[in-house]
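Some notes on the structure that comes next.
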Amino acid sequence: MPELPEVETVRRQLEPRLVNRQVLEAGSFDHPKFTPARDVTGAFIRGVRRRGKYLLVSTDDHRELVVHLGMTGQLRFTPGGPNTEDPYLRAWWHLDGDETLEFADVRRFGRLRVVEAGNYAGIPTLANAGPEPWDPALTPKLFHSLLSQSKRALKTQLLSQRPIAGVGNIYADEALWIAKINPKVKQLGLERAGRLLEAIQETLRQGVDNGGTTLRDYRNAEGGEGENQHALFCYGRSGEPCGRCNTTLVSDVIDARTTTWCPRCQKR
DNA sequence: GTACGGCCCTGTTAGC
DNA sequence: TGCTAACAGGGCCGTA
């Protein structure tokens, strides 16, 4: 389930190997979520950026290939042409130098789009995404203001990508635990909003430093696993003792996502 | 405009 | 042992 740290890890691996290369040929699984892969045939790649959980691959004709890895999406290089024997291969780009970038996705929650550079009107979550976690403009005051625009549970707000971009289920649970804030709380004061922002920045930075979290499917662009799963305090630990106070962690479903928290440290 | 629920997918796991 | 059902979850869309 790639979130910001996993996508950033992949981006860092892709950038030096993709920039200034030409897509000689492209193909895809026959589904509208993947067929846009073919639209960059012939283009030269000029950059690989990240916005929230989206990868943005810019081309020399002022367009962008927008990639969302969904839950099980993987980008990887393979020598020669695509491995069409892989039943989960959803898209591929054959590059100059006889190497192929493959997009495999078991559950098909990933998706691809090709847009005019910067025009994300057709991708609402990207178009409406909040600031990047380390954007200097993202002060506690601004974060507090963004959170105040909705009366939904904090967990739901974080997953919406609107107050801040790049947080998914794992890092939301971790950040709320670090900040000692209950995921069902709907409004925060300025001080606690600042504490939550710091916790989000801390947990995402740690995720990036550890190369992402591999629980089941996530692999980076070189096929390696992340290490951050060994550093999780809260996510997926329901029934285990809290690392701070030893109280048993509990879980519930919020916004259709299993959410874990400490009933003592994170009182409502 | 906002909130909410359902849907897309398939491998894994639990229960019978 | 083998089958069935539940579960995992990010983003989009329709409805209220």
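First residue of the first sequence: 14, per this note's numbering; consecutive thereafter. In this text, a Cβ means the ideal position worked out from N, Cα and C, and glycines have one as well.
Give the single residue among the options whose Cα lies nearest to the Cα of residue i.
i: H243; options: R232, L228, R59 and S251; result: L228
i: L17; options: Q174, V263, E211 and L262; result: Q174
i: G123; options: W274, L159, A56 and A104; result: A104
i: R126; options: P254, L69 and P276; result: L69
i: L108; options: C278, R250, F57 and G135; result: F57
i: G135; options: K164, V79 and K66; result: V79
i: A150; options: S41, A39 and I177; result: I177
i: K66; options: D74, Y248, G55 and G86; result: G86
i: I183; options: T272, H157, E112 and H81; result: T272
i: R257; options: C275, E19, N241 and G179; result: C275
i: G110; options: Q35, S264, E19 and G239; result: Q35
i: P15; options: G181, L201, P254 and R250; result: G181
i: G131; options: G94, P49, R76 and E240; result: R76
i: R25; options: G60, T48, L159 and D43; result: G60
i: S158; options: V128, D73 and L210; result: L210
i: P49; options: W106, E19, C255 and G179; result: W106
i: G94; options: G249, L37 and R277; result: L37
i: S71; options: F156, R277, L31 and S251; result: L31
Which same chain residues end up closer than 7 Å to residue i when comparing Cβ atoms and leaving out the 5 residues on each side of it in sequence?
i: A185; result: K168, L171 and L172
i: G236; result: R89
i: R51; result: A39, G40 and S41
i: Q279; result: L189, W190, K193, I194 and N195
i: I267; result: A166, K168, T169, P196 and K197
Near residue i, what residues of its chain come up, given a Cβ to Cβ distance below 8 Å and the 5 sequence neighbours on each side ignored?
i: V198; result: A166, L167 and R281
i: D99; result: E115 and A117
i: I191; result: A212, E215, T216 and F246
i: E253; result: T261 and L262
i: E28; result: G60 and V61
i: D74; result: A56
Taking the DSSP output, what are the residues bridged to residue i?
i: G60; result: S71
i: R76; result: E129
i: G40; result: W105
i: F90; result: L114
i: W274; result: V263
i: R34; result: None; R34 has no bridge partner.
i: H81; result: Y67 and R124
i: P254; result: T261
Could you name the residues of the same chain whose beta carbon sits closer than 6 Å to that of residue i, not counting the 5 residues immediately before and after it, in chain order?
i: G207; result: P153
i: T22; result: G224, G225 and N233
i: E240; result: N223 and G224
i: K46; result: R124
Counting C-beta neighbours from all protein chains within 10 Å, is the total for residue i 16 or more, i.e. buried, or is it exposed?
i: Q162; result: exposed
i: N96; result: exposed
i: K164; result: exposed
i: S33; result: Ser is not the amino acid found at residue 33; the sequence shown has Asn there. Exposed, because fewer than 16 other Cβ atoms sit within 10 Å of the Cβ of N33.
i: L203; result: exposed
i: T113; result: buried
i: N141; result: exposed
i: R120; result: exposed
i: Q200; result: exposed
i: H81; result: buried
i: E129; result: exposed
Three-pair Cβ contact test at 8 Å for the region 145 to 157 versus the region 212 to 225: With the cut-off at 8 Å, the region 145 to 157 and the region 212 to 225 touch.
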